[in-house]
Amino acid sequence: MSEKFRSELFVGRERELEDLVRWATDIAVPSRRLRTIAAPPGYGKTWLLKQLVCRLAEWRDLFIITAPTLTLTSYAAITKWLLTVIEQAGTVCAKMSAVPPDESLEAWVRHLLENLTQNSPSLRPILIVDGLNELADNERRELEKYLLDQFWLNPEVRIIVSFREESYLIPSNPRRGEKRISLETFSKIENKISADGHQQLHKRATIIPEKLEAPLEEFLEIVAPYALTVPGLNTILFRRARENEANHRRPILNANDLKESRYELIGPELRQKPETVKTIEDALRQIVALQENSWILENFAGNKYTQREALNHIQTLMVLSIVTHIGGQRYQIVDGLRELLYAENRLREKEKENKQ
60 MSEKFRSELF VGRERELEDL VRWATDIAVP SRRLRTIAAP PGYGKTWLLK QLVCRLAEWR
120 DLFIITAPTL TLTSYAAITK WLLTVIEQAG TVCAKMSAVP PDESLEAWVR HLLENLTQNS
180 PSLRPILIVD GLNELADNER RELEKYLLDQ FWLNPEVRII VSFREESYLI PSNPRRGEKR
240 ISLETFSKIE NKISADGHQQ LHKRATIIPE KLEAPLEEFL EIVAPYALTV PGLNTILFRR
300 ARENEANHRR PILNANDLKE SRYELIGPEL RQKPETVKTI EDALRQIVAL QENSWILENF
360 AGNKYTQREA LNHIQTLMVL SIVTHIGGQR YQIVDGLREL LYAENRLREK EKENKQ
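Here it is, written out as structure tokens:
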């Protein structure tokens, strides 16, 4: 999701945030120098990392390196970016030696980290790589080989990587020092709306301000049974509702709005592959028809797919973090997307009734 980060709009995730702050600022070298943050799309991985950077700015003995993941798609791109990091390090590290000419990227990484960690006063490098899953496979391999692996070689470095729930790091060395943090949805209170989600919308309505003229109750009724449990999805729905309201449209959300919100949440790659979109939509319709929150492969296949076709569709949905395996032979659509899909289906049925 491309919305600009605003620290004052951040809600929830306090436990995870405090854990990361303690880990990053602890003088003793932790046994696990790699933190991976894994969650389906829209669960707030990017905003958590950006809020962490804001918090860590208070510590003068840290040097935060935030990798612009989507631009680091080749050896040349990584090298060019690394030179800017070395230049930046020179502004805070008075004894920074000159970059060795005609050296490899690996030598430049070593040069940067040795200058940061061995000069007095020393600076602890924290490398943050957000959205690793958004790179193509070959681009990701380049980034892992020439950035993550090289940074990992220095024992003073601590690394944070975020990706979707079904992803994992390929390099074996960093994986040995990994601790995985799985983000959950905002919790509901007594099966009602999420307190954090309500606070998130309240902040949007009062801080920016972005107030919806329609009451919150109307907003929640339209997207029922979704209960504001996914922060990124809350943001997408709220922004779309505001745009529709500004255009004097009623209702402020319809079934197509919810469908477009799903696409925005899952990722722009779907728009570039129409055949994938059709496959996903067919599979999701099949899942909705089951009218169950979780199901096994045989039920999903039904009379529509062969077992092999069904498995291929499920694997596609899992790669995109639309579906998750919940144990045994059972699967379900991830929280947030599942309720949104049911809300979309309900609105479509209602829209059909109104046309008849």
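The sequence shown lines up with residues 60 to 415 when you count with the working numbering. We put the CB at the ideal spot given by N, CA and C, even for glycine.
Inter-residue Cα distance where the pair is residue i and residue j
{"i": "T131", "j": "L202", "result": "First, the residue type needs correcting, since residue 131 is Leu and not Thr in the sequence shown. Looking at the two C-alpha atoms, the distance is approximately 7 Å."}
{"i": "D255", "j": "L141", "result": "38 Å"}
{"i": "Y322", "j": "T176", "result": "44 Å"}
{"i": "T138", "j": "N178", "result": "23 Å"}
{"i": "L68", "j": "S221", "result": "21 Å"}
{"i": "L207", "j": "S90", "result": "17 Å"}
{"i": "A273", "j": "G71", "result": "25 Å"}
{"i": "M60", "j": "G291", "result": "Annotation note: pLDDT 49 at M60 (below 50); position unreliable, no value reported."}
{"i": "K251", "j": "L111", "result": "29 Å"}
{"i": "A166", "j": "V151", "result": "21 Å"}
{"i": "L317", "j": "Y285", "result": "11 Å"}
{"i": "K411", "j": "L370", "result": "32 Å"}
{"i": "V378", "j": "R199", "result": "15 Å"}
{"i": "E224", "j": "L212", "result": "26 Å"}
{"i": "Y134", "j": "A126", "result": "14 Å"}
{"i": "Y364", "j": "A314", "result": "26 Å"}
{"i": "I267", "j": "L107", "result": "20 Å"}
{"i": "K109", "j": "D85", "result": "20 Å"}
{"i": "A87", "j": "V216", "result": "12 Å"}
{"i": "L349", "j": "S380", "result": "20 Å"}
Reference residue i, options the options, closest by Cα
{"i": "I124", "options": "P310, V168, L242 and D394", "result": "V168"}
{"i": "T335", "options": "Q374, A135 and A87", "result": "Q374"}
{"i": "L343", "options": "N293, D85 and L396", "result": "L396"}
{"i": "W118", "options": "V80, Q258 and G361", "result": "V80"}
{"i": "L76", "options": "T105, Q209 and N303", "result": "T105"}
{"i": "L400", "options": "A135, M377, E357 and S320", "result": "S320"}
{"i": "A83", "options": "D394, V144, E269 and L115", "result": "L115"}
{"i": "D341", "options": "Q350, H372 and V382", "result": "H372"}
{"i": "A97", "options": "L271, A135, T383 and E302", "result": "T383"}
{"i": "A300", "options": "I311, Q259 and Q415", "result": "I311"}
{"i": "S241", "options": "Y102, V88 and D85", "result": "Y102"}
{"i": "H170", "options": "Y134, F210 and T265", "result": "F210"}
{"i": "R298", "options": "L271, I392, R309 and I281", "result": "L271"}
{"i": "D394", "options": "H261, R65 and S246", "result": "S246"}
Test item: CB-CB of residue i and residue j under 8 Å
{"i": "D120", "j": "P180", "result": "yes"}
{"i": "R94", "j": "K238", "result": "yes"}
{"i": "G326", "j": "P184", "result": "no"}
{"i": "E62", "j": "T338", "result": "no"}
{"i": "S226", "j": "N192", "result": "yes"}
{"i": "T143", "j": "V188", "result": "no"}
{"i": "N253", "j": "T288", "result": "Position check: residue 253 holds Ser in this sequence, whereas Asn was assumed. A contact, by the Cβ cut-off of 8 Å."}
{"i": "S283", "j": "A402", "result": "Per the sequence presented here, residue 283 reads as Ala, with Ser not at that position. Taking 8 Å as the Cβ cut-off, A283 and A402 qualify as a contacting pair."}
{"i": "L186", "j": "I229", "result": "no"}
{"i": "F122", "j": "A148", "result": "yes"}
{"i": "I346", "j": "I385", "result": "no"}
Terminal residues of the beta strand (DSSP E) in which residue i lies
{"i": "K238", "result": "E237 to S241"}
{"i": "P184", "result": "R183 to V188"}
CB contact below 8 Å: residue i versus chain D
{"i": "R299", "result": "Although the question refers to chain D, the structure presented lacks it and comprises just one protein chain."}
Endpoints, alpha helix (DSSP H) assigned at residue i
{"i": "G256", "result": "A254 to I266"}
{"i": "R199", "result": "D196 to L202"}
Is it the case that the stretch 154–165 contacts the stretch 228–237, given that we only count it when at least three CB pairs across the two stretches are under 8 Å? Short answer: they don't touch.
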